[in-house]
Every structure is written in structure tokens, then in C-alpha cells.
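Engineer:
Here is the structure:
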């Protein structure tokens, strides 16, 4: 179990695993997220991660999507909603969201970089 006690999620065509890393946690997403409303899956997860990261003083939350073949626009919106939560966090409690992408997957190459503009300095895409 990870520092935030978040269990692995397996639903439809996606698996989401939360792992401990030295300065925080890593969310590994694999498969496809093409359900009509992925916010029902992603919003509660991102809320737990955000609240846990702030209260635990994490410095980094990694989002590894290198094995996520498809994410629809509603899923991207859920990620954006999570990122926007950082805008209201005090500077001393902020954490960095590091999105690990696979440039060979078209949607990632075209969509992820724009997320860095939502809360400048809070998101890196590598």
C-alpha cells in the first residue's frame, strides 16, 4: 500500500496504480480511458491525491501516462481540474505535478503540454 492508502483501480479498459516515490507519490495510468464520463473515476482519485499531497507535505506528484493509449477530452478536463486546485494552495504547501508522457502517442504529444499553462510553475511535462 502507498503512503495515501489508495488502492489500485481497475475499471473497464484502464488500470490506475498509486506508488510511493521519495518526495511524494506516482500515479501510473495504463490502458484506455474512453468512458463517457471519466470524471466519476478520476475526480475522486485526484481529490484524494491532492488532499493527501497537501496535508503530507509532498513535493512531487508524478502522473505517468506512458502506457495510456487513449484519453478523451473529458479525461483531460479532469486532469485540468486537478491542476487548477494548485492555484488555491499556499506556496509552502504546493507540490509539483510531473507528467511523464510518451511522445509516440499522438494525443499526449498534442495535449499534455498545454496543461503547463494552467498554473504556471506547477506542472512539468517530460
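Residue numbers (full-length UniProt numbering): 1 to 126.
The beta-carbon is built from N, C-alpha and C at its ideal position, and this holds for glycine as well.
Since the structure is predicted, the reported quantities are computational estimates derived from the model, not experimental observations.
Please confirm whether residue 39 and residue 73 have their CB atoms less than 9 angstroms apart.
Structural biologist: Residue 39 sits at position 39 when you count from the first residue of the chain shown. Residue 73 sits at position 73 when you count from the first residue of the chain shown. Not in contact: residue 39 and residue 73 (Cβ atoms no closer than 9 angstroms).
Engineer: Can you list, in chain order, the residues of its chain whose CB lies under 8 angstroms from that of residue 124, leaving out five sequence neighbours each side?
Structural biologist: Taking the chain shown and counting its residues from 1, the one referred to as residue 124 is at position 124. So the qualifying residues of the chain are 96, 97, 98, 99 and 116.
Engineer: Pull up the distance between the alpha-carbon of residue 120 and that of residue 106, whole angstroms please.
Structural biologist: In the chain shown, residue 120 corresponds to position 120, counting from 1. In the chain shown, residue 106 corresponds to position 106, counting from 1. About 24 angstroms.
Engineer: Taking residue 14 as the reference, which of 3, 113, 31 and 4 has the closest Cα?
Structural biologist: Within the chain shown, residue 14 is the residue found at index 14, counting from 1. Per the Cα distances, 31.
Engineer: If I measure Cβ to Cβ from residue 126 and keep anything under 8 angstroms in the same chain, skipping five residues before and after, which residues do I get?
Structural biologist: As a first step, residue 126 must be located in the chain shown, where it is residue number 126. The answer, listed in chain order, is 98, 99, 100 and 101.
Engineer: Within a Cβ cutoff of 7 angstroms, which residues of the same chain sit near residue 89, ignoring the five residues on either side of it in sequence?
Structural biologist: As a first step, residue 89 must be located in the chain shown, where it is residue number 89. Excluding sequence neighbours, residue 89 sits near 54.
Engineer: So, is residue 7 buried or exposed, given that buried needs 16 or more other C-beta atoms within 10 angstroms?
Structural biologist: Position 7 of the chain shown, counted from the start, is the residue given in the question as residue 7. When all chains shown are included, residue 7 counts as exposed.
Engineer: Is it buried or exposed, residue 62, if we count other Cβ atoms within 10 angstroms and call 16 or more buried?
Structural biologist: Here residue 62 is taken as the residue at index 62 of the chain shown, counted from 1. Buried, since its Cβ has 16 or more Cβ neighbours within 10 Å.
Engineer: How close, in whole Å, do the beta carbons of residue 26 and residue 64 come, if the pair is a contact with beta carbons under 8 angstroms?
Structural biologist: Position 26 of the chain shown, counted from the first residue, corresponds to residue 26. Position 64 of the chain shown, counted from the first residue, corresponds to residue 64. The Cβ separation is near 6 angstroms, so the contact holds.
Engineer: Mapping the DSSP letters down to three states, classify residue 114 as helix, strand or coil.
Structural biologist: The residue labelled residue 114 in the question sits at position 114 within the chain shown. Note: residue 114 maps to helix in three-state DSSP.
Engineer: I'd like to check one pair, residue 78 with residue 118: are the Cβ atoms closer than 9 angstroms?
Structural biologist: Along the chain shown, one-based indexing puts residue 118 at 118. Along the chain shown, one-based indexing puts residue 78 at 78. Contact flag unset, no.
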